[in-house]
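Single-structure report; data block below.
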């Protein structure tokens, strides 16, 4: 899955926060719900206009951000030492 098919960042929507395309539901909100123990089904029931793929895209986006951050940190450590 390519999260870019589901996640956008538009300055006119949620002040540019990453959100599910066609909604005002931020990636942050979905991740917060998952971190607080919500199941996919609870999220989908609460936000019926999003799909399971949208929730998976939020996770894929978070993984991508973490990979990028880890890469930046490794590069910084190499340059410092």
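In this note's numbering, the protein residues as written are 264 to 344.
Even glycine gets a Cβ: it sits at the ideal position worked out from N, Cα and C.
Just so you know, these numbers come straight off a predicted model, no measurement behind them.
In its chain, beyond the 5 residues on either side, 282, 310, 313 have a beta carbon closer than 7 Å to the beta carbon of residue 288. Cα atoms of residue 270 and residue 292: separation of roughly 13 Å, rounded to the nearest angstrom. If you check the CB distance, residue 264 and residue 326 do not come in under 8 Å. DSSP places residue 296 in the helix class (H, G or I) of the three-state scheme.
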